[in-house]
Amino acid sequence: SLEEYFDVLDEKGNFTGKMETREKCHQEGIWHKAVVVFILNGKKQVLLQRRSPNKKLWPNLWDITAGGHVLAGEFGFQAIIRECQEELGITLDPKEITFLGASTSINEKGAIINKHFNEYYIATKEVDTTRLTLQPEEVAEVKWVDQEEITRKIRNNYDGITDKQGCWDYLLKYYEWLDKQ
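Residue numbering for the sequence shown follows this note's numbering, starting at 5 and increasing by one per position.
As structure tokens, this is what we get:
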């Protein structure tokens, strides 16, 4: 596969004007951008993906709708659109996307030091899960999950789902806001 390049950020999230490969960013702990999106439908269900069994991290676990790294020259909302297309075959319109917020995270697993500026997004869309084209190396299956069920899984120590606390916290916060509308 083609080498992926990321925009290098400083520790405050500013662009440095440099680019580095994914590999070097992860080897040297260089700050870069990542994105997370939750797709919700009109019934307040969230679309989850089950990670493929051959993934290094969290194989076979249910996960956020989609996410990944922001490539050099790309904005977060563009990365969301690209990831949804690549992983799920879902075409998102920029007008369907709402930016929720951002955070930083540092994850060290083995030789990988992942320093992320994370951006969190919600997209509201009706999706027919039977008509999706899933990327097999990334995604095993997808399903709609009710608000009550995903809330219970998160509160029950991430039962059967990835332990991406920051991501799920944003989903819970969004549900709180939605319930007040």
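Each residue gets a CB set at the ideal place from its N, CA and C atoms; glycine is no exception.
Enclosing beta strand (DSSP E) for residue i [first to last residue]
{"i": "Leu-2", "result": "Past the edges of the chain, shown from 5 to 185, lies residue 2, and the structure says nothing about it."}
{"i": "Glu-24", "result": "19-25"}
{"i": "Gly-72", "result": "70-73"}
Start and end residues, alpha helix (DSSP H) containing residue i
{"i": "Gly-80", "result": "80-92"}
Whole-number beta carbon distance between residue j and residue i, since they are thought to touch under 8 Å
{"i": "Thr-1", "j": "Leu-52", "result": "Nothing about residue 1 can be reported from this structure: the residues present for the chain run from 5 to 185 only."}
{"i": "Phe-121", "j": "Trp-35", "result": "7 Å"}
{"i": "Gly-46", "j": "Glu-100", "result": "Their Cβ separation, rounded to whole angstroms, is 13 Å, which puts Gly-46 and Glu-100 out of contact at 8 Å."}
{"i": "Trp-148", "j": "Gln-49", "result": "4 Å"}
{"i": "Gly-71", "j": "Leu-138", "result": "Not really, about 15 Å apart at Cβ, beyond 8 Å."}
{"i": "Gly-33", "j": "Lys-119", "result": "5 Å"}
Residue nearest to residue i in terms of C-alpha spacing, selected from the options
{"i": "Asp-90", "options": "Lys-22, His-73, Asp-173", "result": "The sequence given here has Glu at residue 90, not Asp. Cα-wise, what sits closest to Glu-90 is His-73."}
{"i": "Thr-102", "options": "Leu-44, Arg-159, Lys-113, Pro-140", "result": "Leu-44"}
{"i": "Glu-87", "options": "Ile-117, Tyr-174, Arg-159, Phe-42", "result": "Phe-42"}
{"i": "Ala-127", "options": "Gly-77, Phe-10, Leu-175, Arg-54", "result": "Leu-175"}
{"i": "Arg-135", "options": "Thr-95, Glu-8, Gly-77", "result": "Thr-95"}
{"i": "Ala-76", "options": "Gly-170, Tyr-124, Cys-171, Tyr-9", "result": "Tyr-9"}
{"i": "Phe-3", "options": "Arg-156, Phe-79, Leu-6, Lys-28", "result": "The question about residue 3 has no answer here: the residues shown for the chain are numbered 5 through 185."}
* With a floor of 3 residues, list each beta strand (DSSP E) that falls wholly inside the region 103-181, ordered by position along the chain. => 116-128, 143-149
* **contact_flag[the region 153-167, the region 53-68] where n(CB pairs < 8 Å) is 3 or more** => yes
* Length-filtered (4 minimum) alpha helix (DSSP H) runs lying within the region 22-53 -> 26-32
* Could you tell me whether the region 99-113 touches the region 137-144, where touching means 3 or more Cβ pairs closer than 8 Å? => no
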